[in-house]
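Worksheet: one structure, shown below.
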Amino acid sequence: MQQKLITVTLEPDGTSKIDLEGFADSTCGKVMDDFRSGDRVLSERRKPEYYNKSRGQQAQQGNQ
Amino acid sequence: MSKYSETSTTVRNQAYLVAALGELGYKAEIHADGGALVGYEGRDRPERAHVIIRRVQIGSASNDIGFVRKPDGTFGAVLSEYDRAIGFDEKWLGRVHQAYKEQQTLSDAKAKGYVFRGREVVQTPEGPQIRLQFTAR
Chain L
1 MQQKLITVTL EPDGTSKIDL EGFADSTCGK VMDDFRSGDR VLSERRKPEY
51 YNKSRGQQAQ QGNQ
Chain F
65 MSKYSETSTT VRNQAYLVAA LGELGYKAEI HADGGALVGY EGRDRPERAH
115 VIIRRVQIGS ASNDIGFVRK PDGTFGAVLS EYDRAIGFDE KWLGRVHQAY
165 KEQQTLSDAK AKGYVFRGRE VVQTPEGPQI RLQFTAR
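Read top to bottom, the protein sequences are chains L and F.
According to my numbering, the first sequence is numbered sequentially starting from 1.
According to my numbering, the second sequence is numbered sequentially starting from 65.
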């Protein structure tokens, strides 16, 4: 089972980046909220591996 | 799933703010009803603040630095033009926000059951970048 890892990068200008790895789609939002602590969101995106995985799953379904 | 988010720190918690200022080497005073800021000539200024760094900790020609709790519950900094010019500027406030966010993240993550895995400081041209890692149970 993949480890569920959260990396919070605190920049010297006061902004921060939150990086989630290994979480199920359904729990991602809650974990993000836990670490944002009500801060203003500047940007949010899924990482490239999410789309690679989705494409892989679609290709697999197409082959069935 | 992997997700990535960038946020701008909002200072709401007085205890984390005071602890953050302490991390940066300042002993801040707390004034529940707001205290007067003192100017470089030693006289009270019209501005008041709820968290105050006295000028003796900043410089002999400096004014007190204050943080005011605004009606929406967030804190805003009160900085004189002189003190901004000698380095207590947006860059300095960025470091305050960074130290605040570290206090907040460590405390909130522990309270919510996440396991702290480590802290790393990376020196960048803009200043120190702090990386905190956690795992979920």
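Every residue gets a Cβ at the ideal spot worked out from N, C-alpha and C, and that includes glycine.
All of these numbers come straight from a predicted model, not from anything done at the bench.
- Within chain L, no C-beta atom comes nearer than 8 Å to that of Ile117 (chain F); the closest sits roughly 17 Å away.
- Nearest to Lys4 (chain L) by C-alpha distance, out of F:Phe180, F:Ala79, F:Gly191, is F:Phe180.
- Within its own chain, the residues whose Cβ lies closer than 7 Å to the Cβ of Leu157 (chain F), once the five positions on either side in sequence are excluded, are Ala141, listed in chain order.
- About 16 Å separates the beta carbons of Phe152 (chain F) and Val75 (chain F), which is beyond the 8 Å limit, so they are not a contact pair.
- Note that the segment 165-185 of chain F does not touch the segment 103-119 of chain F; fewer than 3 beta-carbon pairs, one per stretch, sit closer than 8 Å.
- Between the C-alpha atoms of Gly22 (chain L) and Asn127 (chain F) there is a straight-line separation of about 49 Å.
- Using a 10 angstroms sphere on the CB of Ile122 (chain F), the tally of other CB atoms reaches 16 or more, which defines it as buried.
- The beta-carbon distance between Glu93 (chain F) and Ile116 (chain F), rounded to whole angstroms, is 5 Å. This is short enough to meet the 8 Å contact definition.
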